[in-house]
Every structure is written in C-alpha cells, then in structure tokens.
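The block underneath contains the structure these notes are about, expressed in structure tokens.
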DNA sequence: AACCAGGACACAA
DNA sequence: TTGTGTCATGGT
C-alpha cells in the first residue's frame, strides 16, 4: 500500500542542507525564510531542516514515492566514509571543519550542463539569474501550492534549440548564448546522447562533453561530478586555483601541468568531493567569521 | 570606479 | 606546452 502524501521526512546524519543547496553546485534554489524552494525533476518542492537529523520535504501534489528526491539529495550517502578518504593535511582539515555536512547533489545532466556553460566568468548570483530567466521563458509551468507564485521546470533541449540566439542573449548570458544553442541542437539531433555517458568511464565521458562548443576541462568536470557522480572529476576554477596555490604551494609558482598532476594524485578517490570543500571554504571563510575584533 | 567572476578559444611565442 | 587578448554582464 502506497502512502500518498504532500510531505516526507528524510532521516539524515551529517547533512547541512543550507550549505549543500547554497554552495554553488546548483542554481535553482531560493531561500524563503527557513525553507529552500526549487524544482527537481519537474516537481516543485520546498525543503527545510528543522533539526540536524531530518530534512522535511513538501511537494505541490501528493507523491507515491520520494526516490527522485532522495537520489537528488544523496541522503543515503555515508558522509564520514567519504571524508575518511580525504588527505590528512592541514588545509583539508580546516576545510572539512568549516563545511561540516556539505554534500554533493546528483543533478540532471542537461540542466547541469547548461548551467555550467552559462557559468564561465560569472558570479554565482548571476548564474542563478540566468537559469531563472531561462526557466521562466522557456520551461513548462509546474504544479505549485495554491496561491504560490508560478514555477517552471528547466527547459528541455527542444525548447532551447528552438530559441533564437537573441532570445537567449536576452536571458543575460551574453557570449554564451551560441554555446547553449549548439548544445541543445546536439542533443536534439542525437549528436550527443547524455544518457549514454553513464556507461563510459570518466575520461571518455569528459572527451564527449568537451566536443561541445564552450565546454572545456573545467565545465566538463563540473558536469561529470555534479550530474554523473564521477567523484574523481576535479573542477579547477579561480577559487580552487587560489586554494591550491595558497594552501598547498604558498612559496613556489607551480606550472599548470604540475597543479593538474597534484590535484589528480593528492586528493584520493573522492577528489571532486574534496574540491567542493576547498571551494566553499575559500569562498566563505573570511565572510563567515567577522568577529575577530570590535 | 576599477576589479573580478565556478572559462573557452584562437593565436602567439 | 605556456602566456595573452577577447568575448558580455553586473556584483562588490
């Protein structure tokens, strides 16, 4: 017998919902009071964490099961096992201490790909704005609680492939517009099959993604890590670059090749997870402890 | 008001 | 292989 309900409680441990949804891996979450509202797999959902060991989800329509959300939130992952594979050095200890409960999500490949194509040399607040505009203008409306503002699914490849470059530029994505259009057309034409990438190893899947215009090593690694769960993928953006230089090579001036080989060997089988801790640590450590002196 | 942001790309040296 | 200019937009 199914329990059809609007609400569900996930029992969790070592889970910081706010850090996870707000750390810049996903761009559709809006904080409303103590809740986070977003659209996952075409379903509007509101999340909050009333205490350390539960996440409460509220949907707009009754759900027969909540597997779609458990998968997205990765609630079943045992975080301590992941953290135990991180290198035992001072920078990593500091990052872990600073980001307790930060998780990697499991996002939909298409939305993740477009999001990170739009991410290049953009601040996270601006990426959110771009993705919100794309969804409002090209996405299908989804069911929301009565009286709630309308919400939209992330637009399908067909919808974005049909959009003009000018329409896409109007979503404030600038020179990235032709990249998004090209990617959408590749999906529609079958030139790239995102579902097939699950079957490949990380390196082969990366090569496939890098065939797309505007997708280089960094953006490909983000999609591999955040959508496909390849935890060895290690995206190096300006913040992670800063972390590597400042925390691990404070005096020397390592070559790009040296930094790459270091990142591939030092951080272990969950390097991408460690990367997200370094990223969030670098972005928030100064702002979050302002009580140094009066 | 400069400087910078979860980069990629063509092209130079 | 490694370095530079360009692309578009807006936050800090």
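Residue numbers (the numbering used here): 25 to 318. Glycine included, every Cβ here is placed at the ideal spot set by N, Cα and C. For clarity, every value in this text was computed on a predicted model and none was experimentally measured.
CB of residue i within 8 Å of CB of residue j, strictly
i, j, result
"residue 79", "residue 138", "no"
"residue 271", "residue 259", "no"
"residue 68", "residue 175", "yes"
"residue 185", "residue 192", "no"
"residue 263", "residue 306", "yes"
"residue 204", "residue 181", "no"
"residue 101", "residue 124", "no"
"residue 148", "residue 142", "no"
"residue 104", "residue 38", "yes"
"residue 96", "residue 130", "yes"
"residue 241", "residue 195", "no"
Buried versus exposed call for residue i [16 or more other C-beta atoms within 10 Å across all chains shown]
i, result
"residue 214", "exposed"
"residue 178", "buried"
"residue 318", "Residue placement at residue 318 cannot be trusted, given a pLDDT of 23 that sits under 50; the coordinates are not used to answer."
"residue 310", "exposed"
"residue 61", "buried"
"residue 44", "buried"
"residue 219", "exposed"
"residue 300", "buried"
"residue 187", "buried"
"residue 170", "exposed"
"residue 70", "buried"
"residue 287", "buried"
"residue 251", "buried"
"residue 55", "exposed"
Extent of the continuous beta strand (DSSP E) to which residue i belongs
i, result
"residue 173", "Taken as a continuous stretch (DSSP letters only), residue 173 belongs to no beta strand (DSSP E), as it is neither H nor E."
"residue 114", "Counting along the chain, residue 114 falls outside any beta strand (DSSP E), though it belongs to the alpha helix (DSSP H) covering 114-122."
"residue 78", "78-87"
"residue 53", "It is not in any beta strand (DSSP E) - residue 53 carries neither H nor E in the DSSP assignment."
"residue 46", "No beta strand (DSSP E) contains residue 46, which is instead part of the alpha helix (DSSP H) from 41-46."
"residue 33", "29-35"
Element boundaries [alpha helix (DSSP H), containing residue i]
i, result
"residue 134", "133-141"
"residue 167", "Where residue 167 is concerned, there is no enclosing alpha helix (DSSP H), given that its DSSP letter is neither H nor E."
"residue 247", "241-250"
"residue 371", "No statement about residue 371 is possible, as the shown extent of the chain runs from 25 to 318 and does not include it."
"residue 59", "Unbroken run through residue 59 is the beta strand (DSSP E), 59-64; no alpha helix (DSSP H)."
"residue 201", "201-213"
"residue 192", "189-192"
"residue 261", "Unbroken run through residue 261: none, as it is neither H nor E."
Residues of its chain near residue i, where Cβ-Cβ distance is below 8 Å and the 5 sequence neighbours each way are ignored
i, result
"residue 315", "Because the pLDDT at residue 315 is just 33, under 50, the model does not fix this residue reliably, and the value given afterwards should be weighed accordingly. If we look at residue 315 and ignore the five residues flanking it on each side, it has no Cβ neighbours."
"residue 90", "32, 34 and 81"
"residue 189", "201, 202 and 205"
"residue 3", "Nothing can be reported for residue 3: it is not among the residues displayed for the chain, which extend from 25 to 318."
"residue 146", "154"
Close-in-space but distant-in-sequence residues of the same chain around residue i (CB under 7 Å, 5 per side omitted)
i, result
"residue 256", "226, 293, 295 and 296"
"residue 244", "230, 233 and 234"
"residue 247", "133, 136, 137, 140 and 233"
"residue 77", "35, 36 and 37"
heavy atom of the ligand FAD below 7 Å from residue i C-beta
i, result
"residue 261", "The ligand FAD is not part of this structure, which contains no ligands at all."
Supposed contact pair residue j and residue i - C-beta distance, whole angstroms, cut 8 Å
i, j, result
"residue 31", "residue 99", "15 Å between Cβ atoms; not a contact."
"residue 229", "residue 216", "Actually they do not touch by this definition, with Cβ atoms about 11 Å apart."
"residue 304", "residue 47", "5 Å"
"residue 110", "residue 298", "5 Å"
Beta-carbon contacts of residue i that lie in its chain and below 6 Å, excluding the five residues immediately before and after
i, result
"residue 168", "68, 84 and 175"
"residue 208", "181, 184 and 185"
"residue 42", "none"
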